[in-house]
Structure formats: C-alpha cells, structure tokens
Amino acid sequence: MKSIYIPGVPDTKMRPRTTKKGHVYDPNAGAKEASIQKAKVMNGDNEAYSGPLYVQYTFVFPRPKKHYRTGKLAHLLRDDAPEFFNTVDIAKDGDNMEKFYADSFNFIHYKDDRQIVKAEHFKRWARDGEFPHVAMDIYKVPSEVSIDVNGTVAFRYPATV
C-alpha cells in the first residue's frame with residue numbers, strides 16, 4: 604500500500620479548451636505539475652506499481668466563513684455547522700477530482716490510470732487545526748485487496764506475530 608499526502612485545496616479535472624485559432628490546450632497542466640511536485644516533496648519519489656489497483660481518495664476542504672460564529676467567538680464553529688461536505692456549498696464533483704489526481708500521477712505511482720479497477724472517494728471539511736489536503740491510498744488488488752464480482756472490497760492484512 605502507498606499512502607500519498609498532497610497539501611492544498613483539492614482540485615478538479617477541467618475539460619480541454621480551444622483557442623480562437625483552434626489550438627487545444629489542457630487548463631490543468633500547471634496544476635497537475637504543482638500537485639506532482641508537492642506529493643514528491645511530501646512522500647518521496649516511489650516506484651510505479653504495475654497491475655490492477657484499488658484507490659481510496661479523501662478530499663479535505665477548508666471550512667467556509669459561514670460555518671463560524673461572529674464577533675468575539677469568530678474562531679469557534681457554529682453549533683449547526685456540518686461535519687461532512689455538502690456539495691451545495693462548493694461545487695466540486697468527486698468524479699472530476701478523482702480524474703484529476705489519477706491523471707496527475709501517471710508514470711509516478713502507477714504506470715497508467717487505466718490500472719485503477721476500483722476507486723472510492725470521501726469529501727469532508729477540515730477539522731480544527733487541520734489543513735486542506737488530498738490523501739490517496741493505493742492498494743495492489745490481488746495481494747493487498749480482493750474485489751468480488753459485486754465490487755465489494757476486502758482488505759488482506761498481514762498476519763501479526
């Protein structure tokens with residue numbers, strides 16, 4: 604298993620854009636490079652996995668100002684502030700975030716994102732003292748995780764001595 608920590612607000616995959624002259628470009632190109640560099644600094648440069656993979660993403664977002672109280676108590680969360688991410692507050696689609704990070708780490712942590720046979724994501728707000736980030740856990744399917752025909756995941760933990 605590889606655990607990857609990428610600091611910063613989670614980003615999404617954007618559609619390719621076309622200029623007036625017909626040139627097509629990727630608006631995410633600079634952001635992908637920045638994510639790769641951050642992850643290399645935080646996690647070291649690892650060998651790329653081969654074979655089928657299962658990936659778990661955790662996207663942690665900064666809380667909006669409306670989650671906090673006002674006045675002298677502005678540093679405290681409101682009693683009705685949600686713990687879990689609500690897509691009404693920030694329109695970031697989980698699938699597009701998965702695509703962005705899967706594409707960003709081609710040839711770095713795995714040879715190609717086509718190796719990912721199952722992916723799951725979880726979106727939540729940052730807790731007190733926690734910074735926005737993305738956490739990726741990458742598992743090798745036959746040895747670390749088994750997936751049945753219904754898509755149910757079972758982890759294989761090493762035996763303790």
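Residue numbers (our numbering): 604 to 764. The beta carbon of each residue, even a glycine, is placed where N, CA and C say it ideally should be.
On a Cα-Cα basis, can you pick out the residue from the options that is closest to residue i?
| i | options | result |
| --- | --- | --- |
| Lys714 | Leu679, Lys668 and Ala705 | Ala705 |
| Phe688 | Gly697, Asp682 and Phe710 | Gly697 |
| Gly611 | Lys624, Ser746, His670 and Trp728 | Trp728 |
| Pro613 | Ser746, Leu680 and Lys702 | Lys702 |
| Gly732 | Arg717, Pro665 and Thr673 | Pro665 |
| His724 | Ala738, Thr622, Leu679 and Lys624 | Ala738 |
| Ile719 | Thr622, Ser653 and His678 | Ser653 |
| Val658 | Val752, Asn753 and Arg717 | Arg717 |
Report the CB separation of residue i from residue j in whole angstroms; it is logged as a contact under 8 Å.
| i | j | result |
| --- | --- | --- |
| Phe758 | Val744 | Wrong, their Cβ atoms sit about 11 Å apart, outside the cutoff. |
| Met700 | Phe662 | 6 Å |
Buried or exposed: which applies to residue i, given that a residue is buried once 16 or more other Cβ atoms fall within 10 Å of its Cβ?
| i | result |
| --- | --- |
| Tyr660 | buried |
| Ala762 | At Ala762, the pLDDT of 38 sits below 50, so the modelled position is not reliable and the matter cannot be decided from this model. |
| Lys726 | buried |
| Pro667 | exposed |
| Tyr608 | exposed |
| Asp682 | exposed |
| Tyr628 | exposed |
| Leu656 | buried |
| Ser746 | exposed |
| Phe708 | buried |
Between residue i and residue j, is the Cβ-Cβ spacing less than 7 Å?
| i | j | result |
| --- | --- | --- |
| Lys721 | Ile750 | yes |
| Lys605 | His712 | yes |
| Ile615 | Lys695 | Sequence check: residue 615 is Thr here, not Ile. Yes, the pair counts as a contact, with Cβ atoms nearer than the cut-off. |
| His670 | Ala651 | no |
**Study point:** Uninterrupted beta strand (DSSP E) stretches inside the region 650-689 (no shorter than 3 residues)
**Key:** 656-664
Point to revise | alpha helix (DSSP H) runs wholly inside the region 722-748, at least 4 long, in chain order | key: 744-747
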